[in-house]
Amino acid sequence: MTGRAFSDLDDDVVIYICSFMTVSSVLALRKVSRRFLAITRLLAVWRTLLRNHVINEGYPFPSEALETADVSKLEYLTRRACHLAAFWLSTAHPSPSRVLRFDTHTKGTGVSEVRFLPGFDGQRIVVVSKGIWSVVSCWDLGLPVTGSAWNPTKVAEWSPRSVILTAFCVNSDADAEGLLAVAYDRGGAHSIEILSLKSSTEKSTLSHTLECLQKIETNCKPMALQGTTLILCDGSKETHIVDWKSARSAVLQRPTSSNEPEFEHNKCLQVLLTEHHVFVVRAHLIEVYSRPVLQPLPPDPDAITELLISFSLGWIDGVAIVPQLQLPAMSTSLQDTTRYPPISIILRSELDDPWSSSTNTVDLYTLQPDTPLLSPGTPLSNDSTYHFSDIGPFYDPPVHITSLSHSTGTTRRSLRCPTILSGRYGTAIWIQPPQHNRSARDTGLVALDVHASDAQGLDDAHRLAGDPHTSVDGDPGRSIDPFSECLVGALFPGPLRSLHKEPIRRGRAEYMAERDGREEYGLRGFVCRLRRIIWGRA
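For the sequence shown, the residue numbers in the working numbering are 1207 to 1744.
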């Protein structure tokens, strides 16, 4: 009895066999014949490959694409996810495969912040420029899937006169009508506007406009925008949750009888809104509240949501708080961890003495839900009938998991960009201080002459893109300057199940001011120099 050749198998059998193959094997199979080419371009094949080799492995993947992507887009994203996982799991000093840069051409203003917009496959960003007045612009990056050509284009701009921007946040919901919330000061009057990106109906050089949907008079700053839910924070005590469309709100407040002392400058750094809880990260305290039911305006003074638990991890310089992505193999109860996932807190502490010589450390803490309380009806004691819905599952302070240290060798300087970016897959990036500080003899009292021409520091772009004449550990193109800040990427314990830290890129210390990233698309961007934006792609 002779066996059948693979090419003689029915299409259904070949499709079934493809479900056991790796992505690279399927790509090799399509080169055999036109028949196999057609089979390996079926949607069913790539959905199976996506499930087996990306989702089940915990690789970064944009969840919004699961239902909307066609077969070509699904293939690209699946291959992209495998490439990203290989990048983060590599121990061979990985660096971005491409570094792209463009000038925003904002005369008289410098780029201070940059954010990705959800729902555009990492192709659109919001750029904030500050000078005499503030400017908010939206850009389409025009990043190609393959090839080297790209064409960044400004699509919209918001620049009212006499306005100084004080804060802004981008909507995390890609389908929401309000794109971003901007807080500004106009002649001492503080307001927040909800802006929407709409196609321009007038003759203009820009294809879209940023239109105001709602205006709120308040001194609070917007910290997060999720759908129509806007989260505002004051200086040190209160957090307001507002539905700007239905005019409903709630107030979160620490009780005055709390044993925790009041701290000056306890400003809000970040707010995480989950299905059941609100996590407010301040400079010295992290507060956990139950997510309240919003009430019609004006709010009832007695209807204040008090905190469930608060704890201090010291003074925080930079922080990222995100819910962990839980895979079925990582949890005994997928339903419970989906409703109450562990919360990762990655932070850099602020030193009491900024001039002291010490090790700069980034720490990972995990806030675990109390699993016995996750089962409704489980009593807390023999005579108690409290359930998890009464007190919440987050009962204990966070547990320290690991630290990543970096000795500067000299005194520590404050960072222009202390922000830490983290994702639910365990990846994180931040700016690390230089190993050594330049002496005043080398740089003068001011490292960057703000009155100098734009030609000052032209070598920065070459240093960022990699100097072919220098190498690190045998890797050409990765120049290491001990006097410059370092853009570091790290993989903390999580779905990718590893701990790895390597410098991604180095850029001159004086110029790194702000950055943002999309974990699932492998895109990282940061501000370099006065008006230039640099993008790295894994």
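Here a beta-carbon is modelled for each residue, glycine too, at the ideal position from N, C-alpha and C. Since this is a predicted model, take the numbers as computed values, not measurements.
Which whole-angstrom value is the C-beta distance of residue i and residue j, which I expect to be below 8 Å?
i, j, result
"G1348", "G1316", "In fact, because the Cβ distance is near 23 Å, the residues do not count as touching under 8 Å."
"F1267", "L1283", "6 Å"
"L1500", "I1447", "7 Å"
"L1458", "Y1495", "5 Å"
"K1427", "C1439", "6 Å"
"Q1476", "I1527", "6 Å"
"T1625", "G1524", "5 Å"
"L1531", "S1455", "Their Cβ separation, rounded to whole angstroms, is 31 Å, which puts L1531 and S1455 out of contact at 8 Å."
"S1365", "L1385", "Not quite, the Cβ-Cβ distance comes to about 16 Å (not below 8 Å), so this is no contact."
"V1229", "L1255", "6 Å"
Name, in chain order, the residues that DSSP records as bridge partners for residue i.
i, result
"Q1420", "I1400"
"R1285", "BP columns for R1285 are empty, so no partner."
"K1427", "C1439"
"G1316", "K1336"
"A1389", "A1373, I1398"
"V1219", "For V1219, which the question treats as bridged, DSSP gives no partner whatsoever."
"E1408", "BP columns for E1408 are empty, so no partner."
"Q1432", "T1435"
"D1346", "R1330, T1359"
"Y1571", "I1551, H1606"
"T1445", "C1439, L1458"
"R1622", "Beta-bridge pairing links R1622 to no other residue."
"R1321", "V1332"
"L1627", "I1635"
Measuring straight from C-alpha to C-alpha, what distance separates residue i and residue j?
i, j, result
"G1695", "I1549", "20 Å"
"V1334", "L1248", "43 Å"
"K1409", "S1452", "34 Å"
"E1263", "A1291", "9 Å"
"A1275", "R1257", "14 Å"
"R1460", "I1261", "40 Å"
"L1431", "G1325", "15 Å"
"D1214", "R1285", "28 Å"
"R1253", "H1471", "50 Å"
"I1637", "T1246", "42 Å"
"H1490", "G1520", "6 Å"
"P1473", "T1424", "Sequence inspection shows Lys at residue 1473; the Pro mentioned does not correspond to that position. Rounded to the nearest angstrom, the two C-alpha atoms are 16 Å apart."
"G1394", "V1361", "30 Å"
"S1405", "L1412", "9 Å"
"Y1571", "A1373", "27 Å"
"C1375", "R1321", "9 Å"
"A1250", "E1273", "13 Å"
"L1702", "R1630", "10 Å"
"H1311", "C1418", "25 Å"
"Y1546", "V1484", "12 Å"
"L1243", "L1235", "7 Å"
"T1445", "R1488", "11 Å"
"S1555", "S1518", "11 Å"
"S1368", "L1610", "44 Å"
"D1327", "S1269", "11 Å"
"T1434", "L1416", "17 Å"
Between residue i and chain D, is any beta-carbon pair separated by less than 8 Å?
i, result
"V1277", "This model lacks chain D altogether; it includes just one protein chain."
### Task
Quick one: which unbroken alpha helix (DSSP H) runs of 4-plus residues sit fully inside the region 1233 to 1271? Chain order, please.
1240 to 1245, 1249 to 1256
### Task
Output the residue ranges of the beta strand (DSSP E) runs that lie fully inside the region 1451 to 1503 and measure 3 residues or longer, sorted by chain position.
1454 to 1459, 1474 to 1479, 1483 to 1488, 1492 to 1496
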